[in-house]
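A short write-up of the structure that comes next.
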Ligand SMILES: Nc1ncnc2c1ncn2[C@@H]1O[C@H](COP(=O)(O)OP(=O)(O)OP(=O)(O)O)[C@@H](O)[C@H]1O
Ligand SMILES: O=C(O)[C@H](O)CO
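Structural data, given as structure tokens:
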């Protein structure tokens, strides 16, 4: 995918947040307001991980020193910036601002960044690009997230820069997802084309990012710590994570992180996916030794932001909109699996919770001093076609299942709404010819499953759901994701049928984007444009009992 010119995120978010703030909590059962609350929470989550917000939090100027985390580095006209990734272009300006002195001079001497093709055009109206007078040279490349000659040129420039530096120099390395394609130098005799083919074949065969980047690291002159070993200068990295649990060695294939992977690790991956190892790969590996045996004392790696930061901001935004009455909890930041199966599990969870509200109302269970006992009995009786509440919760990659079960159980007995927040990255095995992305696919599947599991049950209540990518772009579409809702009276599924759309047919053709473009004139789509950040996806699920 390449970058198209659509208004940038900062402009949209300001406009959107100002027009759609909710004035009264009493309107919360109105599905449009609920979807707005969730959409605003997504935007608040994204705003919290914008590089321009994160850099000044971690990097501070103390007189003639630079404080990064707990480390302090003397400034003496000795600074250089390098960077690679989808979200690094707007890290440059805040770093340059910090390195500038009151008299306009700067400690920054030179810089090179490798960023996606077309990104400068995309964010040109946002005042986030490096200034015209910037010392940082910007190289665009890796169209469609594939390493290419442009990325190779940028990588060579970065190497030339860092190799020439002295131990008293300071490199600030800006790193984010997409860095693997943008910082590329295959280990000879492996060619760029061969490496592209290997990665594409593994990708299509279903290899995950850890497996892909293990292979990338072993076949690279710069990944897996090798870039850091090319310089004597001190290196500070500012890393934005787009990988579940943020393993620093995997994000952008860890060019500054000691690598422990062995030749056997690579061989196992090739045989797992039944891929023949080309002779050039065997030759490239003949003298391989993991970089972890080398000295990385000159490197300090800092994780600047990740999915948890965005989830926390989204949670605060929901709490502000819905108040303490709603049980707003982060369930997981490591959601993964096939998008439509995850949606099915979430729909089952909605069923269980709505059924719980119903039971509590009919059996007149209320919050009392004996509440815990009551709650436990409610929890024990919860199951969906033989799958218990606890099993369902555990299958959603929950961080603290016991606490969550207790929180949701308490809310059910007290007939309070729940808002469950998830983050991570699901997958889609594309078999159809349609257009979509993992978030829109998940929302479409959720709409279908909600209808399936809640239909005919005479359950009452409200469900609203949003799933969207923090980079603003879901698959090869111009939307970040979408929203859907269910009430016994009306739901997006019925709205689709009334509009002559067949949700199941769109889903089986992986055509979620076209579906949401047509439903309600696209009003359920979330389209912030490229956000210039990326900490994977956010899913926000609101479930409420009917008003008493
Ligand atoms: N028609 C489709 N329907 C659903 N999902 C699709 C479709 N086409 C592509 N995808 C999914 O979109 C993914 C690529 O989208 P995207 O560029 O958003 O993800 P990415 O490469 O992981 O980048 P990032 O991590 O920056 O979001 C593919 O891996 C595939 O799973
Ligand atoms: O660049 C990469 O390797 C992926 O985006 C993971 O960080």
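Numbering (full-length UniProt numbering), first residue to last: 1 to 548.
Glycine included, each C-beta is placed from N, C-alpha and C at the ideal position.
Closest residue to residue i among the options (Cα-Cα distance)
| i | options | result |
| --- | --- | --- |
| residue 549 | 167, 81, 86 and 198 | A query on residue 549 cannot be resolved here, the shown segment of the chain reaching from 1 to 548 and no further. |
| residue 438 | 390, 456 and 507 | 507 |
| residue 242 | 292, 69, 231 and 175 | 175 |
| residue 105 | 399, 78 and 215 | 78 |
| residue 111 | 133, 121, 103 and 122 | 133 |
| residue 504 | 309, 479, 163 and 434 | 434 |
| residue 515 | 333, 71, 540 and 448 | 448 |
| residue 554 | 424, 425 and 441 | Lying outside 1 to 548, the shown extent of the chain, residue 554 is not represented and no answer is given. |
| residue 210 | 193, 185, 183 and 247 | 247 |
| residue 294 | 283, 254, 260 and 315 | 260 |
| residue 57 | 189, 68 and 457 | 68 |
| residue 232 | 392, 355, 161 and 349 | 161 |
| residue 224 | 487, 184, 136 and 360 | 184 |
| residue 471 | 49, 357, 173 and 32 | 49 |
| residue 303 | 51, 408, 127 and 450 | 51 |
| residue 337 | 137, 213 and 427 | 427 |
| residue 519 | 346, 238, 539 and 494 | 494 |
| residue 486 | 450, 469, 501 and 497 | 450 |
| residue 321 | 285, 417 and 297 | 417 |
| residue 113 | 36, 129, 38 and 477 | 129 |
| residue 254 | 61, 484 and 84 | 84 |
| residue 346 | 190, 446 and 206 | 446 |
| residue 339 | 537, 149 and 60 | 537 |
| residue 278 | 195, 148, 391 and 543 | 195 |
| residue 273 | 201, 292, 474 and 313 | 201 |
CA-to-CA distance, residue j to residue i, given in whole angstroms
| i | j | result |
| --- | --- | --- |
| residue 47 | residue 327 | 23 Å |
| residue 55 | residue 464 | 34 Å |
| residue 362 | residue 333 | 35 Å |
| residue 227 | residue 276 | 28 Å |
| residue 121 | residue 386 | 54 Å |
| residue 348 | residue 269 | 35 Å |
| residue 480 | residue 230 | 38 Å |
| residue 310 | residue 95 | 22 Å |
| residue 208 | residue 76 | 43 Å |
| residue 299 | residue 457 | 59 Å |
| residue 547 | residue 358 | 12 Å |
| residue 370 | residue 413 | A caution first: residue 370 carries a pLDDT of 49, below 50, which makes its placement in the model too unreliable to give a value. |
| residue 12 | residue 297 | At residue 12, the pLDDT of 49 sits below 50, so the modelled position is not reliable and the matter cannot be decided from this model. |
| residue 173 | residue 394 | 38 Å |
| residue 27 | residue 301 | No answer about residue 27 holds up, because its pLDDT of 42 lies below 50 and its placement is not dependable. |
| residue 39 | residue 466 | 7 Å |
| residue 24 | residue 424 | Any reading at residue 24 needs caution, since the residue's pLDDT is 36, under 50, leaving its predicted position unreliable; the model's value is listed next. Computed Cα separation, rounded: 32 Å. |
| residue 249 | residue 452 | 42 Å |
Cβ separation of residue i and residue j, assumed to be a contact under 8 Å, to the nearest whole Å
| i | j | result |
| --- | --- | --- |
| residue 181 | residue 532 | Actually they do not touch by this definition, with Cβ atoms about 17 Å apart. |
| residue 73 | residue 64 | About 10 Å separates the two Cβ atoms, so there is no contact after all. |
| residue 396 | residue 329 | Residue 396 to residue 329, Cβ: 12 Å. No contact. |
| residue 355 | residue 525 | At roughly 31 Å, the Cβ-Cβ gap does not stay under 8 Å, so residue 355 and residue 525 are not in contact. |
| residue 318 | residue 41 | 5 Å |
| residue 335 | residue 342 | 6 Å |
Limits of the alpha helix (DSSP H) - the one that residue i falls within
| i | result |
| --- | --- |
| residue 361 | 339-362 |
| residue 518 | 512-518 |
| residue 573 | Examination of residue 573 is not possible in this model, given that the chain is present from 1 through 548 alone. |
| residue 97 | 89-99 |
| residue 552 | The requested residue 552 is not part of the displayed model; the chain covers only 1 to 548. |
| residue 216 | 209-218 |
| residue 36 | 31-48 |
| residue 402 | 401-413 |
| residue 203 | 192-204 |
| residue 506 | 503-508 |
Element boundaries [beta strand (DSSP E), containing residue i]
| i | result |
| --- | --- |
| residue 332 | 327-335 |
| residue 318 | No beta strand (DSSP E) holds residue 318; the alpha helix (DSSP H) holding it covers 307-322. |
| residue 82 | 79-84 |
One or two residues paired with residue i in a DSSP bridge
| i | result |
| --- | --- |
| residue 539 | 422 and 467 |
| residue 65 | 62 and 74 |
| residue 301 | 237 |
| residue 481 | 468 and 526 |
| residue 491 | 486 |
| residue 175 | 84 and 239 |
| residue 138 | 113 |
| residue 106 | 100 |
| residue 170 | 79 and 234 |
| residue 186 | 220 |
| residue 462 | 544 |
| residue 592 | Coverage of the chain is limited to positions 1 through 548, which leaves residue 592 absent and any answer about it impossible. |
| residue 160 | Paired residue(s): none; residue 160 is not in a bridge. |
| residue 427 | 338 |
Any non-hydrogen atom of ligand 3 closer than 7 Å to residue i Cβ
| i | result |
| --- | --- |
| residue 337 | Annotation note on ligand 3: not contained in the displayed structure, which lists ligand 1 and ligand 2 as its ligands. |
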